[in-house]
């Protein structure tokens, strides 16, 4: 069996500054722009560099990926409208098309879907606040097979908690 690593990351903190802006178009705020590179460094330090990135099309997820990207050499970046305010089912639908060669994939999205997805995969309650990363490990010769098997939570990374 092949080990599969999934990084579920909730977008970094977004701005509510502009009244009337659509939720989809909200950008990151200053804290979000500071936290995203911290999370990229933490993922790199833990040797959790993604082979590919899959993200919602929302401005705040695009910006989060833009701040993570310089740390990693990813094979492919995919933006999908169907991941906007999505959950585990949509992640699994996307994973069916992921190449077997991708060992680690980061998926950027939103709550409540990301908290529910992390909780269901790990079989424990997880609350994903902004810029959190759930590092999950599964097994399967394909991504589809991995999502039919149990996953283990390797770590839950939060930008406001000390590293160790």
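Numbering (my numbering), first residue to last: 1164 to 1327. All C-beta atoms, glycine included, are put in the ideal place defined by N, C-alpha and C. Given the structure is predicted, the values throughout are model-derived calculations rather than measurements.
Contact check, residue 1195 vs residue 1238, beta carbons under 9 Å:
As a first step, residue 1195 is located in the chain shown; it is residue number 32 there, counting from the start. As a first step, residue 1238 is located in the chain shown; it is residue number 75 there, counting from the start. Contact: no.
Proximity to residue 1190 [Cα-Cα], best of 1169, 1230, 1209, 1212:
Position 27 of the chain shown holds residue 1190. Per the Cα distances, 1230.
Considering just the uninterrupted stretch of the beta strand (DSSP E) at residue 1301, what are its terminal residues?
The residue labelled residue 1301 in the question sits at position 138 within the chain shown. Residue 1301: member of the beta strand (DSSP E) spanning 1296–1302, first to last residue.
Residue interval of the alpha helix (DSSP H) (run including residue 1207)
Here residue 1207 refers to the residue found at position 44 when the chain shown is read from its first residue. Note, residue 1207: alpha helix (DSSP H), 1193–1208.
Measuring alpha carbon to alpha carbon, tell me which residue in 1315, 1268, 1259, 1275 is nearest residue 1210.
Translated into the one-based positions of the chain shown, residue 1210 becomes position 47. A check of alpha carbon separations from residue 1210 across 1315, 1268, 1259, 1275 identifies 1268 as the nearest.
With a cut-off of 8 Å on the beta carbons, I'd call residue 1240 and residue 1169 a contact; round off their distance for me.
Here residue 1240 is taken as the residue at index 77 of the chain shown, counted from 1. Here residue 1169 is taken as the residue at index 6 of the chain shown, counted from 1. About 16 Å separates the two Cβ atoms, so there is no contact after all.
Please list the terminal residues of the continuous alpha helix (DSSP H) segment that includes residue 1278.
For the purposes of this step, residue 1278 is identified with residue 115 of the chain shown, where counting begins at 1. First-last of the alpha helix (DSSP H) with residue 1278: 1276–1285.
What residue from 1198, 1272, 1264 has the CA that sits closest to residue 1165's CA?
By 1-based counting over the chain shown, the position of residue 1165 is 2. Closest by alpha carbon: 1264.
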